[in-house]
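Asks:
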Amino acid sequence: MTEHLTPLGPTWQRTRPARTLLHLDSAAAGRSSWAVLDAAAAHLRREAERGAYVAALEAAGELETARSHVRALLGWQPGEGVVAFVHSAEDALRQVLLRWPGDLPVTVAHPRGEYGPNLAVVRGLGIGTSVVDGPHRWDPEAFAASFAAARPDLVHLTWLGSHAGTVQPLADVLSVCRAADLPVVVDAAQAFGHLDTTPARDADVVYGTSRKWLAGPRGVGFVAVRGALADRTGGLEQAEANVAGRVGLAATLAQHVELGPTAVQAGLAAVGAATRRRLADELAGTWEVLEDADEPSATVTLRPVRALDVAGLRADLIAHDGIVTTHLGTERAPLEMAAPALRVSGHLDTTGEDVDALARALLRRS
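For the sequence shown, UniProt numbering begins at 1 and goes up steadily by one.
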């Protein structure tokens, strides 16, 4: 009998195509449901039948509902701020910075564990960066001390990292930023559809993506801007876009709301806790689980005890064992990661048998 790790497991499994690989890679790209696939395909058909621009106009109601879902998941009031659809989370950050009121920011402050590609976007625009020094789990007092020593133009926070499943204390740090009267941009790419995202309600900008824990189409993201910035930051949404992907995002947001965000969050936390405990036990002496067992996320980070080609291992797991995971190179958090790691990120349909299969494969190859 299948050992589901959460009560939502059978529903998640039933509502999407049967997998042909053991997929433990939701933090990279989740598996879309039949409803999402059908919605995107139906829009593409309407584009062929009626013309793409007419079809886009006819999809406006669905997309407005999707914007309302984003606002609600952020704890915003109906109609508050601006929610725009973009190509990706990275695109969202770039568009926000390019449209920053007045000149580009001079300095962006960020924690040491900031996502490497975000740093590349900021620096690629000629913007300086300053590191808020402190432990891996954010220390609000370290942020306050950093701002007192050198005031940045804005603060960028990646709430749940790509390189570790630590749920950072966003609300506490936002409170420090508010007290310092600093604008805050939050990367919620790993958090949206995964965590309770209402603690981001006080951020000025929140952006995310469709393809990860929401399990929507690739090539679609969103950016939400509130307060004075919403009136002064325009042109974020491009008309020339993958509208079918946006319709797919609308469908996956509707499905997430129907399942119940609180139930999904609890289910993913249960999957993460069960996976960590199981792997810590079965891989003792060969791999180390980096997160606390009860960290409330489904992202599990494994570090080999001895030197190992993690990228090659990940490729072998796919080619020979049919298991999809993520190789975490140090470029994901270049100021914090000292060595590569392996990320395991099962969704609600992950079973105990799946975790055991991964453990056996890792033992064979370690």
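Here a beta-carbon is modelled for each residue, glycine too, at the ideal position from N, C-alpha and C. Everything numeric in this text was worked out from a predicted model, so none of it was measured.
Reducing DSSP to helix, strand and coil, say where Leu308 ends up.
Replies: By 1-based counting over the sequence shown, the position of residue 308 is 308. The answer is coil: DSSP assigns Leu308 none of H, G, I, E or B.
Asks: Examine the Cβ distances between the stretch 149–165 and the stretch 109–125 and report whether three or more of them are shorter than 8 Å.
Replies: Yes, the stretch 149–165 touches the stretch 109–125.
Asks: Would you report the Cα separation of Glu353 and Leu8, rounded to the nearest angstrom?
Replies: Counting from one through the sequence shown, the residue named residue 353 turns up at place 353. Counting from one through the sequence shown, the residue named residue 8 turns up at place 8. Whole-angstrom Cα-Cα distance: 16 Å.
Asks: Could you please give the first and the last residue of the uninterrupted beta strand (DSSP E) stretch that includes His156?
Replies: Here the question's residue 156 lines up with position 156 in the sequence shown. Leu154 to Thr158 is the extent of the beta strand (DSSP E) around His156.
Asks: I'd like to know if the stretch 17–35 and the stretch 203–215 are in contact, where contact means that at least 3 CB-CB pairs between them fall below 8 Å.
Replies: Contact between the stretch 17–35 and the stretch 203–215 is present, because at least three Cβ pairs lie under 8 Å.
Asks: Have a look at Glu80, Ala42, Arg112 and Ala84 and flag the residue whose alpha-carbon is nearest the alpha-carbon of Glu331.
Replies: In the sequence shown, the residue the question calls residue 331 occupies position 331. That would be Arg112, whose Cα lies nearest to the Cα of Glu331.
Asks: Measure the CB-CB distance between Thr158 and Gln190 and report whether it falls below 9 Å.
Replies: By one-based count along the sequence shown, residue 158 stands at place 158. By one-based count along the sequence shown, residue 190 stands at place 190. Their beta carbons are under 9 Å apart, which means Thr158 touches Gln190 by this criterion.
Asks: What span of residues does the alpha helix (DSSP H) with His256 cover, start to end?
Replies: For the purposes of this step, residue 256 is taken as residue 256 along the sequence shown, with counting starting at 1. Run containing His256: Val243 to Leu259, per the alpha helix (DSSP H) assignment.
Asks: Could I get the ranges of all uninterrupted beta strand (DSSP E) runs contained in the stretch 67–93, with 3 residues as the minimum, in chain order?
Replies: You should have 82–86.
Asks: With a CB to CB cut of under 7 Å and the five nearest residues on each side skipped, what residues in its chain are close to Trp76?
Replies: The residue you call residue 76 lines up with position 76 of the sequence shown. Closer than 7 Å at Cβ, skipping near neighbours: Arg201 and Arg226.
Asks: In whole angstroms, what is the alpha-carbon distance linking Ala270 and Ala148?
Replies: Position 270 of the sequence shown, counted from the first residue, corresponds to residue 270. Position 148 of the sequence shown, counted from the first residue, corresponds to residue 148. So the alpha carbons of these two residues sit roughly 39 Å apart.
Asks: In the stretch 139–194, which residue ranges form an unbroken beta strand (DSSP E) of at least 3 residues, counting only runs that do not cross its ends?
Replies: Listed in chain order, they are 154–158 and 184–187.
Asks: According to the neighbour-count rule (16 or more other Cβ atoms, all chains shown, within 10 Å of its Cβ), is Asp187 buried or exposed?
Replies: Reading the sequence shown from its first residue, position 187 is the one you call residue 187. With 16 or more Cβ atoms within 10 Å of its Cβ, Asp187 is classed as buried.
Asks: In angstroms, rounded to a whole number, what distance separates the CA positions of residue 367 and Ala284?
Replies: Because residue 367 is not part of the residues shown, which for the chain are 1 to 366, the question remains open.
Asks: Flag this pair as yes or no: are the beta carbons of Arg314 and Thr301 separated by less than 9 Å?
Replies: One-based indexing of the sequence shown puts residue 314 at position 314. One-based indexing of the sequence shown puts residue 301 at position 301. Contact: no.
Asks: Can you say whether Gly312 is buried or exposed, counting buried as having 16 or more other CB atoms within 10 angstroms of its CB?
Replies: Taking the first residue of the sequence shown as position 1, residue 312 is located at position 312. Classification of Gly312: exposed, given that the 10 Å Cβ count is below 16.
Asks: Do you know offhand how far Pro101's Cα is from Arg14's?
Replies: Translated into the one-based positions of the sequence shown, residue 101 becomes position 101. Translated into the one-based positions of the sequence shown, residue 14 becomes position 14. Those two C-alpha atoms are separated by around 47 Å.
Asks: Going residue by residue through the stretch 292–352, where are the continuous alpha helix (DSSP H) segments of at least 4 residues, counting only ones entirely within it?
Replies: For the stretch 292–352, whole alpha helix (DSSP H) runs of length 4 or above, ordered along the chain, are 310–321.
Asks: With H, G and I counted as helix, E and B as strand and the rest as coil, what does DSSP make of Leu97?
Replies: Taking the first residue of the sequence shown as position 1, residue 97 is located at position 97. Three-state result, Leu97: helix.
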